[in-house]
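Numbering (full-length UniProt numbering), first residue to last: 1 to 344.
Below: one structure, written as structure tokens.
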Amino acid sequence: MPVAADQLASLSAETCTDPFPGVQTDLYGLEFWENSVPIIDLGALHGPRRSDIIKHLAHACQQYGFFMVKNHGISEKILNNVMGTAREFFHLPEEEKMQLHSPGDFTSPVRFAPGIRDDDQNIVVSRESLKFLSDPLENYVNLWPTNPSSFREAVAEYCVAAKMAEITLTEAIFESLGMKRASMDQILVKLEQNVSFNYYPTCEKSNLEHTVGLRGHTDPSIITMLLSDEVPGLEIFKNGEWILFKPLPNTLSVNVGDILQALSNGGYKSLLHRVAASSDTERLSIVSNCYPSKDTRIGPPKELIDDDHPAIYKDFNYKELYDSMWKQRPHDSTRLDPFKVCAD
Numbered sequence: 001m002p003v004a005a006d007q008l009a010s011l012s013a014e015t016c017t018d019p020f021p022g023v024q025t026d027l028y029g030l031e032f033w034e035n036s037v038p039i040i041d042l043g044a045l046h047g048p049r050r051s052d053i054i055k056h057l058a059h060a061c062q063q064y065g066f067f068m069v070k071n072h073g074i075s076e077k078i079l080n081n082v083m084g085t086a087r088e089f090f091h092l093p094e095e096e097k098m099q100l101h102s103p104g105d106f107t108s109p110v111r112f113a114p115g116i117r118d119d120d121q122n123i124v125v126s127r128e129s130l131k132f133l134s135d136p137l138e139n140y141v142n143l144w145p146t147n148p149s150s151f152r153e154a155v156a157e158y159c160v161a162a163k164m165a166e167i168t169l170t171e172a173i174f175e176s177l178g179m180k181r182a183s184m185d186q187i188l189v190k191l192e193q194n195v196s197f198n199y200y201p202t203c204e205k206s207n208l209e210h211t212v213g214l215r216g217h218t219d220p221s222i223i224t225m226l227l228s229d230e231v232p233g234l235e236i237f238k239n240g241e242w243i244l245f246k247p248l249p250n251t252l253s254v255n256v257g258d259i260l261q262a263l264s265n266g267g268y269k270s271l272l273h274r275v276a277a278s279s280d281t282e283r284l285s286i287v288s289n290c291y292p293s294k295d296t297r298i299g300p301p302k303e304l305i306d307d308d309h310p311a312i313y314k315d316f317n318y319k320e321l322y323d324s325m326w327k328q329r330p331h332d333s334t335r336l337d338p339f340k341v342c343a344d
């Protein structure tokens, strides 16, 4: 079973000031950014503090659905190269980017999407995105763009490093749930990855009221790992309100996805989040989604189910979730409802 609720509550009962402004550390060693977002030391999973980090992960996933990781093992050079490449791509001529646009085709291994206008809701979604498959790398790298010239090398290096961090983190999260090794391996050996470059241009102040960067949604992933520039824009939904997240240098942001919510039998909640538009500064982010293969069975493992904790979700596979997702509104946050045990 997951770490007990009373243990989790005690983790953040008291805090003391950290030497770095904006970072607080509780008496159990769990850091918080601006006293609200947990910071997980991924590197410490390989040392004597592993059991503490596992408890920190349980607390972060159960209470927040969102946290940051430091000491993640991805070099500053790799991060700078991939961010620079993404920025170059979005500043290419519009006609060149649109060559990768395939409206209505969600299966294309590489696809560019411009901002859109939703006349039904009288809103503009300003995000431009480049989504591409990356796993296994050798199957897709030759399909990626060649402009900028650095694209394939810089992105491949990032994908490899990011997936290593995701495997380490996912295994630790499964351990925090109390999953047995066999249940972990059933998913870990088939982990896949896709990546999205996201660009949020500035908009006129007069249009801000009817413009969003990205509408509220959850992610159809186990976890989603976010690399962002220093510009705020991501908003997370907690305690009935939207909270603007301010990036912390040298960290990556991670949120719980729909699949982890199902695997945890609802113990770890998929994060509802969105991106605000800005009239001041453009924003750039890179998202890496970690998810199982399409034929992997998803559902709470038997070791998490008992008379006091009956199964909330039926078993399903990732393909069923993915297919169901496109039948819902893009901003629908009830993606798992069709897979509940009591679903109609």
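The beta carbon of each residue, even a glycine, is placed where N, CA and C say it ideally should be.
Fair warning: this is a prediction, and the values are worked out from it, not measured in the lab.
query: To test your reading of the DSSP string, which unbroken beta strand (DSSP E) runs of 3 or more residues are found completely within the segment 254-321?; result: 273-275, 283-292
query: I believe A311 touches V341 by the beta-carbon criterion, under 8 Å. Please report the beta-carbon distance rounded to the nearest angstrom.; result: 6 Å
query: Rounding to the nearest angstrom, what Cα-Cα distance links P38 and I222 in this structure?; result: 18 Å
query: So what's S99 in DSSP terms, helix, strand or just coil?; result: With the sequence shown as reference, residue 99 is identified as Gln, and Ser is not the correct amino acid for it. Note: Q99 maps to coil in three-state DSSP.
query: According to DSSP, what are the bridge partners of I243?; result: I236
query: Determine the extent of the beta strand (DSSP E) in which A44 is found, giving its start and end residues.; result: Counting along the chain, A44 falls outside any beta strand (DSSP E), and DSSP gives it neither H nor E.
query: May I have the straight-line CA-CA distance separating M68 from H309, to the nearest angstrom?; result: 29 Å
query: Using CA atoms only, rank isn't needed, just tell me which of S206, L45, D120 is closest to I173.; result: L45
query: For the beta strand (DSSP E) containing S129, list its first residue and its last residue.; result: 128-133
query: Can you tell me whether Q121 is buried or exposed, with buried defined as 16 or more other CB within 10 angstroms of its CB?; result: exposed
query: What separation, rounded to the nearest whole angstrom, lies between the Cα atoms of N80 and D135?; result: 22 Å
query: Using a Cβ distance threshold of 8 Å, determine whether the segment 281-298 contacts the segment 200-210, with at least three qualifying pairs required.; result: yes
query: Taking contact to mean at least 3 C-beta pairs separated by less than 8 Å, is the segment 252-270 in contact with the segment 220-234?; result: yes
query: Roughly how many angstroms separate the alpha carbons of E241 and K269, rounded to a whole number?; result: 16 Å
query: I'd like to check one pair, L191 with C290: are the Cβ atoms closer than 9 Å?; result: yes
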